[in-house]
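A.B. asks: Respectively, the protein sequence lines represent chains E and R. In terms of my numbering, the first sequence opens at residue 214 and continues consecutively. In terms of my numbering, the second sequence opens at residue 4 and continues consecutively. For each residue, glycine too, the CB sits at the ideal point set by N, CA and C. Before I ask anything, here is the structure I am working with.
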Amino acid sequence: MIRNLGRNLTSWTAAIAAAVALVGTPVAVRADETCQSPYMPKITGEEEYVYVWTLGVEGLGDGSDKLVTVDVRKGSPTHGQVIHSVSVGGRHEAHHADFTDDRRFLWASGLDTSQIFVFDVQTDPAKPRLVKTIDDFVQVSGGVVGPHGFYALPGRMLVGGLSNAKDKTGRTALVEYTNEGRHIETHWMPTDADPRGAVIEKVADGYGYDARVLPRKNVMFTTSFTGWDNYMRDLGQVLQDAEAMKRFGQTAAVWNFHTRQPKKVFHVPGAPLEVRIAWGPTHNYAFTTTALTSQIWLIHEDARGEWQAKAVGDIGDPKKIPLPVDISLSADDRTLWVDSFMDGMVRAFDVSDPFKPKQMYEKQIGRQLNMVSQSWDGKRLYFTSSLIARWDKQGADNEQFLKAYTWDGSELRDRFALDFTALKLGRPHVMRFGSAALYK
Amino acid sequence: MTTRTQSGARRAASRALALVAVLSVWGGAVAPLAWGHGGPHGPAASVRSAVVEAEDQLRARSARFDFDPPRPGSYRLPVVKPAADGAVLDASGRPRRLGEVLAGRVVVLSFIYTRCSDANGCPLATAVLYQLHAATAADPELARQLKLVTLSFDPGHDTPEAMVRYSRVAPPRDTRSAWEFLTTASDRQLAPILAGYGQRVQRPAGAPAAGPTHLLRVYLIDRQQRIRNIYGLDFLDPRLLLADVRTLLQEDRETRR
Chain E
214 MIRNLGRNLT SWTAAIAAAV ALVGTPVAVR ADETCQSPYM PKITGEEEYV
264 YVWTLGVEGL GDGSDKLVTV DVRKGSPTHG QVIHSVSVGG RHEAHHADFT
314 DDRRFLWASG LDTSQIFVFD VQTDPAKPRL VKTIDDFVQV SGGVVGPHGF
364 YALPGRMLVG GLSNAKDKTG RTALVEYTNE GRHIETHWMP TDADPRGAVI
414 EKVADGYGYD ARVLPRKNVM FTTSFTGWDN YMRDLGQVLQ DAEAMKRFGQ
464 TAAVWNFHTR QPKKVFHVPG APLEVRIAWG PTHNYAFTTT ALTSQIWLIH
514 EDARGEWQAK AVGDIGDPKK IPLPVDISLS ADDRTLWVDS FMDGMVRAFD
564 VSDPFKPKQM YEKQIGRQLN MVSQSWDGKR LYFTSSLIAR WDKQGADNEQ
614 FLKAYTWDGS ELRDRFALDF TALKLGRPHV MRFGSAALYK
Chain R
4 MTTRTQSGAR RAASRALALV AVLSVWGGAV APLAWGHGGP HGPAASVRSA
54 VVEAEDQLRA RSARFDFDPP RPGSYRLPVV KPAADGAVLD ASGRPRRLGE
104 VLAGRVVVLS FIYTRCSDAN GCPLATAVLY QLHAATAADP ELARQLKLVT
154 LSFDPGHDTP EAMVRYSRVA PPRDTRSAWE FLTTASDRQL APILAGYGQR
204 VQRPAGAPAA GPTHLLRVYL IDRQQRIRNI YGLDFLDPRL LLADVRTLLQ
254 EDRETRR
């Protein structure tokens with residue numbers, strides 16, 4: 214058959230074309246954390262380590278921001294324990310972190326000092342090493358402040374900013390780096406004054422928060438939070454300051470990813486934060502939630518091929534401002550986990566019909582709650598407590614923990630819990646999964 | 004527990020597809036026969052037919068790339084970093100510098116190893132380069148300005164002779180662009196090239212026959228030998244590559260004015 218194919222160029226071309234077309238529908242075999250860049254290698258078994266980017270607390274331990282390794286290997290004598298921590302010196306408002314596309318390095322940032330810390334997680338995945346510090350982010354980016362999220366692209370890192378050096382509001386940009394840490398380009402968020410070709414629904418505030426890509430549709434989604442002048446201020450003061458409350462994001466945007474050109478700015482009031490894109494091969498939508506208005510929003514492609522944003526449900530009682538923060542979408546696109554900071558609750562929504570989320574479960578994890586990470590099979594969930602140093606609760610409500618659970622489809626069951634204050638570590642924020650088997 | 008790189012992730016499921024791609028690409032006597040002896044319709048008809056098919060594919064949306072590619076020149080491609088140089092061997096075994104191979108044209112560079120059986124890996128990259136190559140047959144200017152380069156990262160197996168066999172994917176140059184097939188003399192010569200491009204390759208411990216695992220990477224390089232884009236599996240769309248190549252060519256024309 215192959216020989217016959219080979220005797221005719223047209224057929225041969227068709228064979229290649231067929232192969233290309235067929236391989237376009239790959240079978241996904243992954244068991245990694247959901248909600249990560251699709252460009253990275255994936256863990257196909259269980260995670261072995263959870264890396265926790267942790268804010269330092271003055272007078273607690275060494276007082277510095279640090280990357281903490283928690284052992285979650287099955288059968289390990291140190292399962293559920295902290296087995297390593299590497300401090301970066303000083304407090305930088307540790308927040309988010311993520312891997313490069315080759316998954317050899319973890320980039321982690323400080324929202325206050327705008328420094329980026331690069332850890333080698335390949336050489337010894339149990340003991341990440343700080344190998345590089347980028348301390349000229351503001352200068353090389355042209356005035357972006359508060360490097361926030363990291364999103365792996367082939368050979369590059371996409372860094373979403375939160376603020377700017379000029380006025381410290383939420384006006385900001387996306388910044389691209391090579392994996393080696395060289396600045397490539399800065400893309401400022403579209404504004405009313407400079408929409409850069411985008412259609413604006415109501416307003417283009419130029420604010421930023423998350424940035425995620427759906428390669429199949431060549432689109433990127435961005436959301437909006439607030440600037441340095443708010444996130445580095447006591448939350449109680451911010452909430453009582455009417456002018457400060459006006460300086461929260463009220464937009465999400467869809468971009469042409471390949472050209473990095475914004476196409477449309479949606480009006481999504483109340484600070485839309487994390488973006489979670491559906492994985493299904495025909496699921497052309499993403500979820501986000503609004504911190505101040507406690508709503509689930511769906512960004513979706515309509516029948517005409519246009520992207521739209523629509524509020525599709527409430528989270529708890531919005532009047533009580535539960536403050537939804539991190540979210541996690543299951544790999545089958547059926548369950549959306551939503552953490553809310555103020556009431557310490559996690560709620561699971563059935564989002565089989567993305568236009569009609571139905572809450573199916575809730576549990577209070579602690580007195581305050583922020584981040585959630587789930588395994589690809591949906592069976593293991595991890596939670597941490599800290600939002601932002603000046604926004605965390607005070608006194609006894611200021612619990613700082615990592616808690617691990619198993620999910621059996623109806624109940625979250627305890628696996629282990631770590632008290633980051635008792636361990637003199639600090640305020641745990643984002644979690645990322647590691648595995649030594651990635652590098653063998 | 005097992006892990007796989009992006010390109011190796013679907014190996015088992017895609018073995019049959021890989022066979023199609025690899026053997027189609029490899030098929031030894033395949034392309035020269037078709038191009039050298041056109042039969043009753045002559046080579047010109049075969050060329051036209053192949054070009055029409057390739058061009059059709061370059062226009063069509065697919066489930067994998069469900070969008071219209073951007074108009075060339077309607078966007079900028081930033082400089083990512085310098086394209087690394089290094090010592091290579093061409094398919095005749097002649098030692099050359101990679102920088103010399105890259106000189107003078109816009110280049111699409113693909114790292115592969117010829118034993119790769121992952122349909123989402125090297126065969127896919129080579130098939131996409133084939134589509135670009137076919138597209139240049141209908142565009143003499145593109146054919147003159149573009150060069151395709153396939154470089155093996157498996158020098159222990161991919162000798163110059165192996166690259167000659169693999170190169171039969173590329174029909175002899177008629178009106179198409181140049182396409183060079185390179186390897187290196189040793190892992191030692193290869194290492195700085197891989198490091199310079201950031202092409203990750205791992206050789207599984209204890210299983211040398213299995214071949215290296217790697218992240219699928221294709222690089223777009225301008226005439227100044229600077230990397231202007233890097234493509235992984237999720238963006239290895241020949242329509243995007245073609246739009247990017249034409250964007251660089253338009254940039255060149257504007258610079259010369």
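In chain order, what residues of the region 423-437 of chain E put their CB closer than 9 Å to some CB of chain R?
C.D. replies: Listed by position, the residues of the region 423-437 of chain E near chain R (Cβ gap below 9 Å) are Val426, Pro428, Arg429, Lys430, Asn431 and Val432.
A.B. asks: Look at Asn611 of chain E and Thr597 of chain E and say whether their C-beta atoms are less than 9 Å apart.
C.D. replies: Going by C-beta atoms, Asn611 of chain E is not nearer than 9 Å to Thr597 of chain E.
A.B. asks: Starting from Ser553 of chain E, trace the beta strand (DSSP E) both ways and give me its first and last residue.
C.D. replies: Counting along the chain, the beta strand (DSSP E) containing Ser553 of chain E begins and ends at Thr548 to Ser553.
A.B. asks: If we count the other Cβ atoms within 10 Å of its Cβ and call it buried at 16 or more, is Glu183 of chain R buried or exposed?
C.D. replies: Buried, because 16 or more other Cβ atoms sit within 10 Å of the Cβ of Glu183 of chain R.
A.B. asks: Is there a Cβ from chain R that is less than 9 Å from the Cβ of Pro239 of chain E?
C.D. replies: Low local confidence applies: a pLDDT of 34 at Pro239 of chain E is under 50, so the model's placement there is unreliable, with the coordinate-based value given in what follows. Chain R, which has a Cβ nearer than 9 Å to the Cβ of Pro239 of chain E, makes this yes.
A.B. asks: Let me check one thing: in DSSP terms, what residues is Gly373 of chain E bridge-paired to?
C.D. replies: In the DSSP output, where bridge partners are listed per residue, Gly373 of chain E has E:Gly362 and E:Leu387.
A.B. asks: Give the DSSP-derived three-state secondary structure of Val585 of chain E in the structure shown.
C.D. replies: Three-state DSSP puts Val585 of chain E in a strand.
A.B. asks: So, with DSSP's three-state summary, where would you put Pro290 of chain E?
C.D. replies: Reduced to three states, the DSSP call for Pro290 of chain E is coil.
A.B. asks: Assuming contact is defined by CB atoms lying nearer than 9 Å, are Leu135 of chain R and Val248 of chain R in contact in what I supplied?
C.D. replies: Against a cut-off of 9 Å, the Cβ pair of Val248 of chain R and Leu135 of chain R comes out as a contact.
A.B. asks: If you follow the beta strand (DSSP E) that Lys430 of chain E is part of, which residue opens it and which one closes it?
C.D. replies: Neither: Lys430 of chain E is in no beta strand (DSSP E) and is coded neither H nor E.
A.B. asks: To the nearest angstrom, report how far apart Ala37 of chain R and Pro75 of chain R are at their CA atoms.
C.D. replies: Note that Ala37 of chain R scores 25 on pLDDT, short of 50, meaning its location in the model is unreliable; the coordinates nonetheless yield the value given after this. Using only the alpha carbons, I get a separation of about 33 Å.
A.B. asks: Using a Cβ cut-off of 9 Å, which residues of the region 464-476 of chain E contact any Cβ in chain R, in chain order?
C.D. replies: Within the region 464-476 of chain E, the qualifying residues are Asn469, Phe470, His471, Thr472, Arg473 and Gln474.
A.B. asks: If we cut at 9 Å on Cβ distances, does Thr391 of chain E have a partner in chain R?
C.D. replies: Chain R, which has a Cβ nearer than 9 Å to the Cβ of Thr391 of chain E, makes this yes.
A.B. asks: Are the CB atoms of Thr187 of chain R and Pro139 of chain R within a distance shorter than 9 Å?
C.D. replies: This sequence places Thr at residue 139 of chain R; Pro is not what is there. Not in contact: Thr139 of chain R and Thr187 of chain R (Cβ atoms no closer than 9 Å).
A.B. asks: Does the count of Cβ pairs from the region 458-465 of chain E and the region 390-398 of chain E closer than 8 Å reach three?
C.D. replies: With the cut-off at 8 Å, the region 458-465 of chain E and the region 390-398 of chain E do not touch.
A.B. asks: Going by CA-CA distance only, name the one from R:Pro126, R:Gly102, R:Leu92 and R:Arg79 that's closest to Val221 of chain R.
C.D. replies: The option with the nearest alpha carbon to Val221 of chain R is R:Pro126.
A.B. asks: Thinking C-beta only, is Arg226 of chain R closer than 9 Å to Arg108 of chain R?
C.D. replies: Yes, the Cβ-Cβ distance between Arg108 of chain R and Arg226 of chain R is below 9 Å.
A.B. asks: Roughly how many angstroms separate the alpha carbons of Leu252 of chain R and Asp240 of chain R, rounded to a whole number?
C.D. replies: Spanning the two alpha carbons is a distance of roughly 19 Å.
A.B. asks: On a Cα-Cα basis, can you pick out the residue from R:Leu92, R:Leu243, R:Gly159 and R:Thr258 that is closest to Val131 of chain R?
C.D. replies: If we check each option's Cα against that of Val131 of chain R, R:Leu243 comes out closest.
A.B. asks: Are at least three pairs of beta-carbons, each pair with one atom in the region 544-558 of chain E and one in the region 511-525 of chain E, less than 8 Å apart?
C.D. replies: The region 544-558 of chain E is not in contact with the region 511-525 of chain E.
A.B. asks: Is DSSP giving Met644 of chain E helix, strand or coil here?
C.D. replies: Residue state, collapsed to three classes: strand.
A.B. asks: Could you pull the start and end residues of the alpha helix (DSSP H) that Asp442 of chain E belongs to?
C.D. replies: Trp441 to Tyr444 is the span of the alpha helix (DSSP H), which, as asked, contains Asp442 of chain E.
A.B. asks: Between the region 170-195 of chain R and chain E, which residues of the former have CB atoms less than 8 Å from a CB of the latter, in chain order?
C.D. replies: Listed by position along the chain: Pro174.
A.B. asks: Expressed to the nearest angstrom, what Euclidean distance is found between the alpha-carbon atoms of Arg342 of chain E and Thr117 of chain R?
C.D. replies: Approximately 36 Å between the Cα atoms of the pair.
A.B. asks: Let me know if Phe114 of chain R comes out buried or exposed under the rule of 16 or more other beta-carbons within 10 Å of its beta-carbon.
C.D. replies: Counting Cβ neighbours within 10 Å, Phe114 of chain R comes out buried, since at least 16 surround it.
A.B. asks: Among E:Ala465, E:Thr382 and E:Gly276, which one has its Cα closest to the Cα of Val412 of chain E?
C.D. replies: Considering only alpha carbons, the answer is E:Ala465.
A.B. asks: When we look at the beta-carbon of Ser623 of chain E and count the other beta-carbons within 10 Å, is it buried (16 or more) or exposed?
C.D. replies: Exposed: under 16 other Cβ atoms inside 10 Å.
A.B. asks: If you draw a straight line from the C-alpha of Val358 of chain E to the C-alpha of Ala94 of chain R, how long is it?
C.D. replies: Approximately 50 Å, taken between the alpha carbons.
A.B. asks: Write down the C-beta distance between Leu112 of chain R and Val152 of chain R rounded to the nearest angstrom, noting that I regard them as a contact closer than 8 Å.
C.D. replies: Rounded, the Cβ-Cβ distance is 5 Å, consistent with contact.
A.B. asks: Check whether the Cβ atoms of Ala650 of chain E and Gly258 of chain E sit closer than 9 Å, and answer yes or no.
C.D. replies: In contact: Ala650 of chain E and Gly258 of chain E (Cβ atoms closer than 9 Å).
A.B. asks: For the beta strand (DSSP E) that contains Gln521 of chain E, what are its first and last residues?
C.D. replies: Start and end: Trp520 to Asp527.
A.B. asks: With Arg563 of chain E and Lys576 of chain E assumed to form a contact (beta carbons below 8 Å), what rounded beta-carbon distance in angstroms separates them?
C.D. replies: Sequence check: residue 563 of chain E is Asp here, not Arg. 16 Å between Cβ atoms; not a contact.
A.B. asks: So which residues of chain R does Glu519 of chain E contact, with C-beta pairs closer than 7 Å?
C.D. replies: Neighbours of Glu519 of chain E on chain R: none; closest Cβ ~13 Å, over 7 Å.
A.B. asks: Compute the Euclidean distance between the alpha carbons of Asp275 of chain E and Trp266 of chain E, then round it to the nearest angstrom.
C.D. replies: One C-alpha to the other measures close to 15 Å.
A.B. asks: Roughly how many angstroms lie between the CA atoms of Val240 of chain E and Asp590 of chain E, to the nearest whole one?
C.D. replies: Below a pLDDT of 50, predicted positions are generally treated as unreliable, and Val240 of chain E, at 34, falls in that range; the measurement from the model is reported next regardless. In a straight line, the C-alpha of Val240 of chain E is about 15 Å away from that of Asp590 of chain E.
A.B. asks: Would a check of beta-carbon distances place Val248 of chain R closer than 9 Å to chain E?
C.D. replies: No, because no Cβ of chain E sits closer than 9 Å to the Cβ of Val248 of chain R.
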